[in-house]
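Residue numbering for the sequence shown follows this note's numbering, beginning at 6 and increasing consecutively. We put the CB at the ideal spot given by N, CA and C, even for glycine. What follows is a single structure, written as structure tokens, with notes after it.
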Amino acid sequence: MRNDRPRILTGDTPTGRLHLGHWVGSLENRVALQDEYECFFLIANMHAFTTRADKPDDIRESTLEIVKDWLACGIDPERSTFVLQTEIPAIAELSWFLAMLLPFNRVMRNPTLKHELETKGLGDNYSFGFPMYTVGQCADILVFRPELVPVGEDQLAHIEPCREVARRFNQMYCGIDPQTDDADYVEQGGVFPIPEGKVGRVARLIGTDGVNKMSKSLNNAIFLSDSFKKIKKKMGGLYTGRSAMDEPGDINNALFDYVRAFIHDKERVAELERKYADGDNIGDGHIKVEVAEAIDQMLAPMRERRAAYEGKDGDDKILALLREHTQKANDAAEETLSMAKKAMKLDFGSRALSFN
Ligand code: TRP
């Protein structure tokens, strides 16, 4: 595989299995971009500790689950590199340096961080490490010098500070003119490209409660590993407020978000929209089953690929894969860190990292 491809870095925090919101928001892009880009996919297991430091067993289990979900989705371990965050020391080191380039108040104003403080009920009792993850995320990204970061919409608020930090580093330590266009920083001699976030085709998939964004913690998620029976049941519970087949329906309701997201036959979508809007003898229940079938068709090959990683043998395969990939990820990360340290006049010698 060519190695001069531009890079992608993105990742997930291991908090549980991945769901349809992850798929349309980011996973689908990752799978599609594997050839065009050299891809690094990060398991943010260090970040998992920022809110669940007392749950090491859960975090370990979710770490393996995430990799299984990725493989199930079609991420190819021959083409893409998995990055186990806790085994990449360059990320932790770079986090320190970047922390100096990010104003504290800027971190605390981050809307995604604020939202998490509220929804996770952390109140005033969050740890010092919790807001640190925002700086850590800048390091996760920049240590791989990617050009693109495919993420769900909620993560864009983390990409922006990362871009600011990259510009600042390049200006401060590489003498780059602040007027430089984002696209030209590396060409001008900067260490870091200014990475761009890329949101998937559905920025914010609504959950099966029909109200909130799909999220594991809100109990409104269809997981990539769900069976047809479960999918049908969850879709069946989607509330639309419509009561009769001849009642004109609102094609901007949550059910039709699903229709447009998962039924790929455009003519059929148009037909459903027309019939629904006209109240032309079409029930919600029927549409829900049709959506469930479309979702199931998409997930079936994923379930099949996932089956190769069941049980203890499956876990062992994943662990072996992670070990193998960790060396590759460290090679790339160490290279960037040494470039950054050189720019900071911290080039006192060289070191080699080996992991096994
Ligand atoms: N914060 C992201 C999430 O919870 C996970 C993550 C950590 C990430 N580091 C990253 C995503 C770097 C993109 C790039 O989903």
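Buried or exposed by the 16-neighbour rule on C-beta atoms within 10 Å, applied to residue i
i: GLU92; result: buried
i: THR124; result: exposed
i: SER67; result: buried
i: PHE135; result: buried
i: SER59; result: At residue 59 the sequence reads Asp, which differs from the Ser that was named. Classification for ASP59: exposed.
i: LYS239; result: buried
i: PHE353; result: exposed
i: TYR244; result: exposed
i: ARG2; result: Residue 2 lies beyond the residue range present for the chain, which begins at 6 and ends at 361; the question has no answer from this structure.
i: SER85; result: buried
i: GLU276; result: exposed
i: LEU379; result: Residue 379 lies beyond the residue range present for the chain, which begins at 6 and ends at 361; the question has no answer from this structure.
i: HIS52; result: buried
i: PRO151; result: buried
i: ASP301; result: buried
i: TRP28; result: buried
i: HIS163; result: buried
i: ASN130; result: exposed
i: PHE87; result: buried
i: ASN335; result: buried
i: PRO11; result: exposed
i: PHE174; result: buried
Within 9 Å, strictly: CB atoms of residue i and residue j
i: ASN258; j: GLY215; result: yes
i: ASP74; j: ARG22; result: yes
i: VAL140; j: ALA104; result: yes
i: ASP285; j: ASP251; result: yes
i: ALA144; j: ALA97; result: yes
i: PRO166; j: LEU99; result: no
i: SER220; j: GLY26; result: yes
i: ILE3; j: ALA297; result: This structure cannot settle anything about residue 3, because the visible part of the chain is limited to 6 through 361.
i: LEU161; j: GLY212; result: no
i: ALA312; j: ALA95; result: no
i: PRO306; j: GLY157; result: no
i: ILE323; j: VAL72; result: yes
Residue interval of the alpha helix (DSSP H) (run including residue i)
i: PHE135; result: 134-147
i: PRO94; result: 94-104
i: ASP290; result: Strictly speaking, residue 290 in this sequence is Gly, with Asp absent from that position. 289-312 is the extent of the alpha helix (DSSP H) around GLY290.
i: ARG111; result: 109-113
i: PRO116; result: 116-124
i: THR68; result: 61-78
i: ARG35; result: 33-37
Integer-rounded CB distance, given that residue j should sit under 8 Å from residue i
i: GLY210; j: GLY30; result: It is Leu, not Gly, that sits at residue 210 in the sequence shown. That belief holds up - the Cβ atoms of LEU210 and GLY30 are roughly 7 Å apart, short of 8 Å.
i: VAL154; j: LEU14; result: 6 Å
i: ILE199; j: ARG172; result: 6 Å
i: ALA266; j: VAL207; result: 5 Å
i: LEU89; j: LEU327; result: 5 Å
i: ALA345; j: PHE45; result: About 17 Å; that fails the 8 Å criterion.
i: LEU260; j: LYS293; result: 7 Å
For residue i, the first and last residue of its enclosing beta strand (DSSP E)
i: ASP17; result: 12-17
i: GLY319; result: Note, GLY319: premise wrong, no beta strand (DSSP E); alpha helix (DSSP H) at 316-348.
i: VAL274; result: Premise fails: VAL274 lies in the alpha helix (DSSP H), 271-283, not in any beta strand (DSSP E).
i: GLU43; result: 43-48
i: LEU89; result: 86-89
i: PRO155; result: 153-155
So within the stretch 159-234, which uninterrupted beta strand (DSSP E) runs reach at least 3 residues, ignoring any that extend past its ends? 201-203
Contained alpha helix (DSSP H) runs [length at least 4] in the stretch 248-273, N- to C-terminal order: 259-267
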